[in-house]
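So for the sequence shown, my numbering puts the first residue at 736; every next one is plus one. Backbone N, C-alpha and C fix where the C-beta goes; we use that ideal spot for every residue, glycine too. Here the structure is laid out as structure tokens; the discussion comes afterwards.
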Amino acid sequence: MRQIAFREALREAMQEEMRRDERVFLMGEEVAEYNGAYKVSQGMLEEFGEKRVIDTPIAELGFSAIAVGAAQNGLRPIVEFMTWNFAVLPLDQILNTASKMLAMSGGQVGCPIVFRGANGSAGQLGAQHSTAFESMYANIPGLKVISVSNPYDAKGLLKSAIRDDDPVMFMESEVMYGDKGEVPEEEYLLPIGKSFIKREGKDVTIVSFNKMMKVALAAAEELAKEGIEAEVIDVATIRPLDWFTILESVKKTNRLVIVEEQWPFASVSSEIAYRIQKEGFDYLDAPVRRITSADAPMHYAPNLVAAYLPDVPRTVKLVKEVMYLKK
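Dropping the structure here:
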């Protein structure tokens, strides 16, 4: 397969769906004339015109409300947030309208919309531009939450998200837009709600998503040098989450470590840990463990950024602890 960048995979997904369905359109800050803040939408204005690739003011609440209204009236908008940190502003539209409309209308009015953009930290951007939001949106019934880690999954899942009849929160990462990976030239879709085993192993299960998958896979490589074979699972879809794949892996390895960028309290790892100990307690030979970001706002200094985020050495250390713990 050819190698293309993460941003190119996302662009191809949107282009293919916009060619397939004239109801699909893209809107957001700088998506048109500037080709996107991260050049994800490069060339799309020229192909689809200003009625389907729409530059907006710096007013997330306003253009998100327009998109939600458009979705309720038969269109299929893709809303790009320059960063999910800015998506706190339209939370009212997402929480109180998009997520609830199908239930409030008795199933008569849906909201097929994709909100997508960069999520989480991206170096020295300070506290207000460094929050990971998966767990916040996963807590809302009526939303689907996807958090992707590589170009192949990004394209296949974004195409599925655009076709989905529910509102989808699609989380990317600013630091991965240039990452390259294998993506087929022919069309493909990936199922929403399915976890993917990225590395098979027999000794311990490591679960992660988004850019923390790099940490998980790198840690697995280091552990393999010491004879510890980790099975690495990319959950990809946070809601609905594929519990079955994780549980089946734990039945094999008897140990579970979760690596995520979220804050620790009420996070995705909290829910996974609870569910696995509830349904897989008899298979565990050690307590479920997790590594998260620090329970504090992200700071600006590079040494504090490094201390804030999960990394490979701490993940390797935690896995080794799990390997020698007993119930």
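The secondary-structure analysis by DSSP pairs V994 across a beta bridge with I1026. Within the region 941–1024, the complete beta strand (DSSP E) segments at least 3 residues long are 965–969, 972–974, 991–994, listed from N- to C-terminus. F868 is positioned such that its CB atom lies no closer than 8 angstroms to that of N885. Between the alpha carbons of T972 and K1013 lies a distance of about 21 angstroms. The region 772–844 contains, as complete beta strand (DSSP E) runs of 3+ residues, the segments 788–790, 811–816 (chain order).
The residue among T1027, A873, Y1059, S840 with its C-alpha nearest the C-alpha of V903 is A873. According to DSSP, residue pairing for A853 in a beta bridge involves E907. Here Q997 is buried, its C-beta having at least 16 other C-beta atoms within 10 Å. In this structure E743 is buried. Its beta-carbon is surrounded by 16 or more other beta-carbon atoms within 10 angstroms.
Approximately 26 angstroms separates the beta-carbon atoms of M736 and L761; this is outside 8 angstroms, ruling out the contact. In this structure, DSSP gives V1054 a helical state, which the three-state scheme calls helix. Around the C-beta of S840, fewer than 16 other C-beta atoms lie within 10 Å, and the residue is accordingly described as exposed. DSSP places K937 outside both helix and strand once states are collapsed to three, so it counts as coil. Here the region 876–884 makes no contact with the region 812–824; the two share fewer than three CB pairs at distances below 8 angstroms. Beta-bridge partners assigned by DSSP to Q859: none are found. When secondary structure is reduced to three states using DSSP, M749 falls in the helix class. For L892, the enclosing alpha helix (DSSP H) starts and ends at 886–898. Its chain contains no residue whose beta carbon lies nearer than 6 angstroms to that of E961 once the 5 sequence neighbours on both sides are disregarded.
Using a Cβ distance threshold of 8 angstroms, E956 and G936 do not count as a contacting pair. Distance from the Cα of P847 is smallest, within the candidate group T818, V814, G858, L860, for V814.
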